[in-house]
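Worksheet: one structure, shown below.
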Amino acid sequence: MSDSSSSPKLTHLNAAGQPAMVDVGQKAATRRVARARSRVVLGADILALVQQGDLPTRKGPVFQTAILAGIMGAKKTADLIPLCHPLGLDNCQVTVTVTPPDAVVIECTATVTGKTGVEMEALTGASVAALTIYDMCKALSHDIVIEQTRLLSKTGGKSDFLHVDKAE
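For what it's worth, the working numbering labels the leading residue of the sequence shown as 14, then goes sequentially.
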């Protein structure tokens with residue numbers, strides 16, 4: 014067991030245990046990249062409908078609209094997550110991949126040159142894209158499930174991270 018001086022500490026609490034924004038003023042700006050994923054289980058019938066020309070709706074085609082929403086969500090992360098630093102993203106890419114028989118996988122990659130990481134932006138982008146797909150397909154079913162939202166990788170900060178899928 015490690016001693017308390019080397020164990021992880023919550024960074025958004027001050028000495029009194031109250032919420033506090035992390036001071037990144039003394040940190041060096043580095044290129045930071047984070048990638049996150051979310052999975053939406055639509056069901057085989059809905060997936061078949063959506064695949065036929067990316068189901069057009071009043072809001073637009075489902076997948077294209079979800080991609081735009083994911084990018085917009087990533088850009089608004091600091092407005093949604095308390096104490097999250099506002100970042101001027103260098104890039105944000107969202108992809109939607111059909112995974113038969115019944116789901117889609119959304120991946121969001123966010124990039125910034127800055128003093129703090131972009132994990133929350135990548136996670137928010139993937140989540141908002143997933144929520145958009147749910148919203149646009151909910152008239153067809155309320156059995157849609159959003160699952161497996163997770164950080165896949167991050168680089169450029171104090172510690173890099175790479176998720177490795179375990180064989181089931």
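Note that CB positions come from ideal geometry on N, CA and C, so glycine has one too.
Apart from the five residues on each side of it in sequence, which residues of its chain come closer than 7 Å, Cβ to Cβ, to residue i?
i	result
E160	R52 and V54
K40	K128
I80	V107, V109 and A142
A57	P114 and D115
Using CA coordinates, which residue listed in the options is at the minimum distance from residue i?
i	options	result
A135	T110, S154, Q31 and L102	L102
H176	A42, R48, S20 and L23	R48
T126	N27, K72 and T43	T43
L165	L26, Q64 and M133	M133
T78	C97, D156, I94 and V109	V109
G169	G38, Y147 and A123	A123
Name, in chain order, the residues that DSSP records as bridge partners for residue i.
i	result
T110	V118
K179	According to DSSP, which records beta bridges pairwise, K179 is partnered with nothing at all.
K166	Per the sequence shown, the amino acid found at residue 166 is Ser instead of Lys. BP columns for S166 point to R48 and L175.
G127	T43
T70	G73
V53	V117 and I159
L26	P32
Kindly indicate which three-state DSSP category residue i falls into: helix, strand or coil?
i	result
Q31	coil
S140	helix
S15	Because the pLDDT of S15 is 39, which lies under 50, any placement of that residue in the model is unreliable, and the question is left without a value.
C105	strand
L93	helix
G38	coil
D148	helix
Q65	coil
L153	coil
D81	Reading off the sequence, residue 81 comes out as Leu, not Asp. DSSP places L81 in helix when its eight states are reduced to three.
How close, in whole Å, do the beta carbons of residue i and residue j come, if the pair is a contact with beta carbons under 8 Å?
i	j	result
V75	C121	Between C121 and V75 the Cβ distance is about 17 Å, and since that is not below 8 Å, they are no contact.
A139	I119	5 Å
G130	R50	Not quite, the Cβ-Cβ distance comes to about 17 Å (not below 8 Å), so this is no contact.
V188	I146	Residue 188 is absent from the model: the chain starts at 14 and stops at 181.
Could you pull out every residue in the same chain whose Cβ sits closer than 6 Å to the Cβ of residue i, ignoring the five residues on either side in sequence?
i	result
L153	I59
Give every residue of the same chain whose Cβ lies closer than 8 Å to the Cβ of residue i, excluding the five residues on either side of it in the sequence, and list them in chain order.
i	result
V35	T24, H25, L96, H98 and T129
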